[in-house]
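Undergrad: For the sequence shown, full-length UniProt numbering gives the first residue as 1, with consecutive numbering after it. Beta carbons are placed, not taken as given, at the ideal position from N, Cα and C, and that holds for glycine. Shown below is the structure under consideration.
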Amino acid sequence: MTWNPLALATALQTVPEQNIDVTNSESALIIKMNDYGDLQINILFTSRQMIIETFICPVSSISNPDEFNTFLLRNQKMMPLSSVGISSVQQEE
Numbered sequence: 001m002t003w004n005p006l007a008l009a010t011a012l013q014t015v016p017e018q019n020i021d022v023t024n025s026e027s028a029l030i031i032k033m034n035d036y037g038d039l040q041i042n043i044l045f046t047s048r049q050m051i052i053e054t055f056i057c058p059v060s061s062i063s064n065p066d067e068f069n070t071f072l073l074r075n076q077k078m079m080p081l082s083s084v085g086i087s088s089v090q091q092e093e
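Shown next as structure tokens:
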């Protein structure tokens, strides 16, 4: 089966235990996980892959950014096919 936003949205909404809101378009899906602090997960669909993105936390909430960055770099091998970066959300990194 080839996944697309509509097929995945339909599959996710058939599980009644999930407390999620799903918004979909032709090439993307946005899932809001209400039981996890309204965590938003963005899924972009291309012809060959799904790219999944979420925001971890504001940089200002990390007490020691250098230590956190070192941890991520050293443990990248435990998170294959993932990347971590800093983005601005509502004028905050």
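Taking the alpha-carbon of Ile20 as reference, which of Ser88, Leu39, Ser60 and Leu44 has the nearest alpha-carbon?
TA: Of the candidates Ser88, Leu39, Ser60 and Leu44, the one whose C-alpha sits nearest the C-alpha of Ile20 is Leu39.
Undergrad: Would you call the region 20-30 in contact with the region 40-48, where contact means no fewer than 3 C-beta pairs closer than 8 angstroms?
TA: Touching, per the Cβ criterion.
Undergrad: Could you check if Ala9 is buried or exposed, using at least 16 other CB atoms within 10 Å of its CB as the buried criterion?
TA: By the neighbour-count rule (16 or more Cβ atoms within 10 Å), Ala9 is buried.
Undergrad: Assuming contact is defined by CB atoms lying nearer than 8 angstroms, are Glu92 and Pro65 in contact in what I supplied?
TA: Not closer than 8 angstroms, so no.
Undergrad: For the alpha helix (DSSP H) that contains Phe71, what are its first and last residues?
TA: From DSSP, the alpha helix (DSSP H) with Phe71 extends over Pro65 to Arg74.
Undergrad: Among the residues of its own chain, which have a CB less than 8 angstroms from the CB of Asn34, if the five just before and after it don't count?
TA: These residues qualify, in order along the chain: Asn19, Ile20 and Asp21.
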